[in-house]
Amino acid sequence: MMSTKIKAESIYRIYKVRNVEGDNSHITNHNGHEGLLALDNVNLEIKQGEFVALVGPSGCGKSTFLDILGGLATPNSGDIYIDGKPVKGPGLDRGIVFQGYALFPWRTIQHNIEFGLEIKGIPKNERKDIALKYLKLVGLEGFENRYPYELSGGMKQRVAIARALAFDPEILLMDEPFGALDAQTREVLQIELLRIWEETHKTIVFVTHSIDEAIFLADRVVIMTARPGKIKSDIRIDLPRPRLEGDLKSSPEFARYRHELWELLRDEVDKAEEQASENIRGAAAHQEEKPAAAWQPQKQSAV
Amino acid sequence: MAKNWLTDINDKLLNWYGIVGFLILWQIAPTIGLIDPQFISPPTTIIAYAWTLMETGDLFIHMAASLQRTFLGLFLAVITAVPLGFILGGWFPGVAKFLRPLMSLLGQINAFSLFPIFILFFGIGEVVKISIIYWSSIWPILFTTIAAVQHVEPIFIKSARSMGAGRGTIFFKVILPGSAPAIFTGIRMGTNVAFLMLIAAEMIGASAGLGWLVHNASMNNVIPRLYVATVSIALLGMGLNYFMRWLESTLVTWKEETAVE
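Listed in order, the protein sequences are those of chains A and B. Quick note, the first sequence lines up with residues 11 to 313 if you use the working numbering. Quick note, the second sequence lines up with residues 17 to 277 if you use the working numbering.
Here it is in structure tokens:
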């Protein structure tokens, strides 16, 4: 087996909240942090080139965990190591793809893809070549001068993937990237993503709600519990690759995995539902996240 | 075929029928004595008068005077309000929140009512007219800039950060372009208010400008000249609005077309 790429060691994350009486994840921890425990001792090791899917009910902290991997959020305790080195913040060794595409509407497709390259300090001509190369990789040749508003959701997400790949990170972190797409587009992009992954040999961490998507894509599916988020189980998916066949999803092995994962996930989904209704009854806990940037002190959703 | 051609023309002229009808009525009513031509000059008289004012170049001098004041005042308002809005909205949102009620109050003060005070401070020269423009346009620009900065989508900032962008990069490559459309709306609002205020101010204390022309015509009872000035103000105001929209659509090319009228 290949070497360890990402290592998460006893990650704890606490949200500062008001008015959380009656919520069993309301804690004051050993460091004196008061609030809602979002991540409770998460430990995870991901190998070089591995495709890992992270599944869990809404609000379980899986996106928060991805933000921590990306360096966009900091854990209250615990460490993330990439190639054995602790993560201090965001960096070009990791590319992130968000559910909302997050393409800059004022930039053309080409210039969107070039964003990370500009930060990397790559000269203009080279940037263009790289952008066009990745645009081709995601199947959008000829769209370089379009603006995001001219593209469909699926095309935007292809651009977002190209942008995250363009500065050549070793790790791709994907936060429910296909969540906003219709079922057909979603399937097409899943197959595309596998092809890109096989071409580029990236390490991918993929957060999703969908059990089917997780099984179809990943080498390993990591299931998280309802809040506070812990790792409940870590299932290896031994389905043959390349998984480009449309009928893999109707095979008995696939069904077996689906059943197994759903059994594990069901209790957690129920628990998350209960928590959600309690929160609404308890006059809504206002989550106060750490600011995304100095510019935006009040707003950022973490879960 | 001929019919098609006619409907084509009809479609193109549809917006103008109202104006043309109005002009015809305007022309006929005073001519046949339905209303007193002393008070309402018919368009032909006004155009003839405008022509003489253009020949002497007087009209252009007044237009230029008004425009120059508008642009100067506006320019000063933009270069103070936009950076101030960025600083308050971006770095000191707490201060911005704290100052908000005060700023809305100041923004509600009609610049025209401050005119006597401005005269006390700045005398009767150019400075006082420019300060009227400045005062009336700075508030809408400041408000919209603060709001624009604070409403740049957090996901854009998060996305930029994920690619290792520092504060400077985020400011110049995300916050600035992301808030540009909203800031332009503020500038356009400011321009409209400022132009109205300027004309009023010119009526009180000026020796040139379209407002002065109205005032002068009224004092000397030269009614056609009054109409020339009024029509020029309306046309110039419209022109200014078109110019700002043109400027916006030239600088912000990335937005979906939203009914540019």
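The beta-carbon is built from N, C-alpha and C at its ideal position, and this holds for glycine as well. Predicted, not measured: the structure shown is a model, and the values here were computed from it.
With DSSP collapsed to three states, give me the class of residue i.
i: Lys17(A); result: strand
i: Pro53(B); result: coil
i: Phe259(B); result: helix
i: Gln284(A); result: At residue 284(A) the sequence reads Glu, which differs from the Gln that was named. Here Glu284(A) sits in helix by DSSP.
i: Val279(A); result: helix
i: Asn20(B); result: helix
i: Val238(B); result: coil
i: Val230(B); result: helix
i: Thr84(A); result: coil
i: Gly45(A); result: strand
i: Lys242(A); result: strand
i: Ile181(A); result: strand
i: Arg23(A); result: strand
i: Pro187(A); result: coil
i: Tyr91(A); result: strand
i: Glu209(A); result: helix
i: Val30(A); result: Confidence at Val30(A) is low in this model, with a pLDDT of 49, below 50, so its placement is unreliable and the value that follows should be read with caution. Three-state result, Val30(A): coil.
i: Asp27(B); result: helix
i: Phe76(B); result: helix
i: Phe128(B); result: helix
i: Glu273(A); result: helix
i: Phe137(B); result: helix
i: Thr218(A); result: strand
i: Val52(A); result: strand
i: Pro100(A); result: coil
i: Lys271(B); result: coil
Return the CA-CA distance between residue i and residue j, expressed in angstroms with no decimal places.
i: Phe357(A); j: Glu202(A); result: There is simply no residue 357(A) to check, as chain A begins at 11 and stops at 313 in what is shown.
i: Val215(A); j: Thr118(A); result: 28 Å
i: Thr61(B); j: Leu256(B); result: 26 Å
i: Leu191(A); j: Glu19(A); result: 33 Å
i: Leu118(B); j: Gly105(B); result: 15 Å
i: Val279(A); j: Leu267(B); result: 49 Å
i: Asp103(A); j: Lys15(A); result: 11 Å
i: Trp151(B); j: Ile40(B); result: 40 Å
i: Tyr33(B); j: Trp21(B); result: 18 Å
i: Ile129(A); j: Lys166(A); result: 21 Å
i: Leu251(B); j: Lys28(B); result: 21 Å
i: Ser57(B); j: Ser129(B); result: 32 Å
i: Gly105(A); j: Arg168(A); result: 14 Å
i: Ile24(A); j: Gly94(A); result: 25 Å
i: Leu271(A); j: Ile95(B); result: 59 Å
i: Leu69(B); j: Val230(B); result: 13 Å
i: Phe87(B); j: Asn236(B); result: 30 Å
i: Lys309(A); j: His219(A); result: At Lys309(A) the pLDDT is 38, less than 50, meaning the model places this residue with poor confidence; the figure from the coordinates comes in the next sentence. If you take the alpha carbons of Lys309(A) and His219(A), they lie about 24 Å apart.
i: Pro170(B); j: Ser260(A); result: 40 Å
i: Leu158(B); j: Val98(B); result: 6 Å
i: Trp155(B); j: Asn208(B); result: 13 Å
The beta strand (DSSP E) that contains residue i, what's its start and end?
i: Tyr144(A); result: No beta strand (DSSP E) contains Tyr144(A), which is instead part of the alpha helix (DSSP H) from Lys134 to Leu147.
i: Arg230(A); result: Arg230 to Met234
i: Arg104(A); result: Arg104 to Val107
Assuming the contact rule is C-beta atoms closer than 8 Å, residue i and residue j should be a hit. Round their C-beta distance to whole Å, please.
i: Phe61(A); j: Asp229(A); result: 5 Å
i: Tyr91(A); j: Asp50(A); result: So it is not a contact: roughly 20 Å between Cβ atoms.
i: Ile135(B); j: Gly221(B); result: 6 Å
i: Pro252(A); j: Glu208(A); result: 6 Å
i: Ala48(A); j: Val231(A); result: At roughly 21 Å, the Cβ-Cβ gap does not stay under 8 Å, so Ala48(A) and Val231(A) are not in contact.
How would you write the range of the alpha helix (DSSP H) that residue i sits in, first residue to last?
i: Arg400(A); result: Because chain A spans 11 through 313 in this model, residue 400(A) falls outside it and cannot be assessed.
i: Met179(B); result: Unbroken run through Met179(B): none, as it is neither H nor E.
i: Leu76(A); result: Lys72 to Gly80
i: Leu121(B); result: Pro109 to Gln124
i: Thr72(B); result: Pro59 to Thr72
i: Phe61(A); result: Segment Phe61 to Val65 is the beta strand (DSSP E) holding Phe61(A); no alpha helix (DSSP H) there.
i: Val144(B); result: Glu142 to Gln166
i: Asp222(A); result: Ile221 to Leu227
i: Trp42(B); result: Tyr33 to Thr47
i: Glu218(B); result: Leu192 to Ile220
i: Ala112(A); result: First-last for Ala112(A): undefined, no H or E at that position.
i: Val169(A); result: Gly163 to Ala176
i: Leu150(A); result: Segment: none, Leu150(A) is in no alpha helix (DSSP H) and carries neither H nor E.
i: Glu169(B); result: Careful: Glu169(B) lies outside any alpha helix (DSSP H) and carries neither H nor E.
i: Ile186(B); result: Arg183 to Ile186
Legend entry - Interface residues of the region 89 to 117 of chain A facing chain B [CB-CB below 7 Å]: Pro100, Gly101, Leu102, Ile106, Phe108, Gly110, Ala112, Phe114, Pro115 and Trp116
Inset, instruction - Name, going along the chain, the residues of the region 154 to 168 of chain A whose beta-carbon falls closer than 7 Å to a beta-carbon of chain B. - result: Taking 7 Å as the Cβ-Cβ cut-off against chain B, the residues of the region 154 to 168 of chain A that qualify are Tyr157 and Tyr159.
Legend entry - Interfacial residues, the region 190 to 207 of chain B to chain A, with Cβ spacing under 8 Å: Going along the region 190 to 207 of chain B in chain order, one finds Val190, Ile191, Pro193, Gly194 and Ala196 with a Cβ nearer than 8 Å to chain A.
Inset, instruction - Check each residue of the region 238 to 270 of chain B: if its Cβ is closer than 9 Å to any Cβ of chain A, include it; give the result in chain order. - result: Val268, Thr269 and Trp270
Inset, instruction - Using a Cβ-Cβ cut-off of less than 7 Å, give me the residues of the region 61 to 89 of chain A that come near chain B, in sequence order. - result: Gly80 and Leu82
Inset, instruction - Residues of the region 129 to 158 of chain A with a CB closer than 9 Å to any CB of chain B: list them in chain order, please. - result: Ile129, Lys130, Tyr157 and Pro158
Inset, instruction - Determine which residues of the region 170 to 187 of chain B have a Cβ less than 9 Å from any Cβ of chain A, and write them out in chain order. - result: Pro170, Ile171, Phe172, Ile173, Lys174, Ser175, Ala176, Arg177, Ser178, Met179, Gly180, Ala181, Gly182, Arg183, Thr185, Ile186 and Phe187
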